[in-house]
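Residue numbering for the first sequence is 1 to 256, as defined by my numbering. Step one of this worksheet: look at the structure below.
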Amino acid sequence: MKLATWNVNSLKVRLPQVLDWVSKHRPDVLCLQETKLEDANFPAAAIREAGYHALFSGQKTYNGVAILTRAAGSDAVTSIPGFDDPQKRTLAATIDGVRIVCIYVPNGESVESEKYQYKLRWFAALRAWLENELKRFPRLALLGDFNIAPENRDVHDPAAWEGKVLFSRPERDAFNELLAAGLRDSFRLFAQPEHSFTWWDYRMNAFRRKMGLRIDHVLLSTELARSCTACTIDVEPRNAERPSDHAPVVAELETT
DNA sequence: ATGGTAGAAACTCTA
1 MKLATWNVNS
11 LKVRLPQVLD
21 WVSKHRPDVL
31 CLQETKLEDA
41 NFPAAAIREA
51 GYHALFSGQK
61 TYNGVAILTR
71 AAGSDAVTSI
81 PGFDDPQKRT
91 LAATIDGVRI
101 VCIYVPNGES
111 VESEKYQYKL
121 RWFAALRAWL
131 ENELKRFPRL
141 ALLGDFNIAP
151 ENRDVHDPAA
161 WEGKVLFSRP
171 ERDAFNELLA
181 AGLRDSFRLF
191 AQPEHSFTWW
201 DYRMNAFRRK
211 MGLRIDHVLL
221 STELARSCTA
231 CTIDVEPRNA
241 ERPSDHAPVV
251 AELETT
């Protein structure tokens, strides 16, 4: 089973790239973030023609998440229960017996921002919810744009980023608390190249200069982690014309 | 020096 996540930064703009990518890689599950589409405008027909089912929870201009699947999903949930949030950042469903949770964590803007406090509140609610979900669904995968780089090696210049949003101590602590709830970072189950990143700012030629962060993640419950055989970042789409600023992350599970 | 790019939308906000 192949699971993937990709922040597309507008599905309207990136739809041809997404269709091309799924035809080439044929993931069983592709979680998308920043679709920036109201549900009425979701390109369900084009995705269906590519052989995929789609679940989606979107809004105009900002945020929006979707899950594309080869097999039909069930029991979809579009929010963190008990956390009142008008922003469309969460989508969960069961596919082939695996509980898939697709998230777009708030960016936070800066550590001084009100949006940073919202980010930490949001992430605390996510952890509380997932502690319960992991009991209900031992086979659970949490994929998405976490907007958190967990470790020094996930940042091109850790000294410059120390204490900044995406790499501040409270954010990294929150990420580690999520792991402590019973999740593994699938990328770190394997030896990886140095300078492995998933996001590069559009500005300052950051991609060409390898100035990136690893902020998109595939976390697996301990049971699923045991069957994980690979996790890779596909930087190829970042080289395309009009790319997303994020690259897809792909995890492979041994089918049982 | 606090820049710059991209997307959606609408003359600004978010990332």
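Beta carbons: idealized from backbone N, C-alpha and C, even for Gly.
| Check | Outcome |
| --- | --- |
| Which parts of the segment 3-78 are runs of the beta strand (DSSP E), unbroken and 3 residues or longer, counting only runs that do not cross its ends? | 29-33, 53-57, 65-69, 74-77 |
| Could you tell me whether the segment 143-155 touches the segment 99-119, using the rule of 3 or more Cβ pairs below 8 angstroms? | yes |
| Return the Cβ separation of Ile-95 and Ala-71 in integer angstroms, given the expectation that the two are a contact with Cβ distance under 8 angstroms. | 6 angstroms |
| How about the segment 232-244 and the segment 10-17: do they share at least three Cβ pairs that are nearer than 8 angstroms? | yes |
| Counting pairs of beta carbons, one from the segment 214-232 and one from the segment 185-198, are three or more of them closer than 8 angstroms? | yes |
| Which same chain residues, not among the five before or five after Asn-9, have their C-beta less than 8 angstroms away from its C-beta? | Glu-34, Lys-36, Ser-244, Asp-245, His-246 |
| Give the list of continuous alpha helix (DSSP H) stretches no shorter than 4 residues that lie fully inside the segment 107-162. | 114-136, 158-161 |
| Of the residues Leu-55, Ala-44, Leu-220, which one's Cα is nearest the Cα of Ser-74? | Leu-55 |
| What does a CB cutoff of less than 6 angstroms around Val-29 pick up in its chain, not counting 5 residues either side in sequence? | Leu-3, Thr-69, Ile-95, Ile-100 |
| When DSSP labels each residue in this structure, what does Ser-221 get in the three-state scheme? | strand |
| Give the secondary structure of Glu-241 by DSSP, where H, G and I count as helix, E and B as strand, and everything else as coil. | coil |
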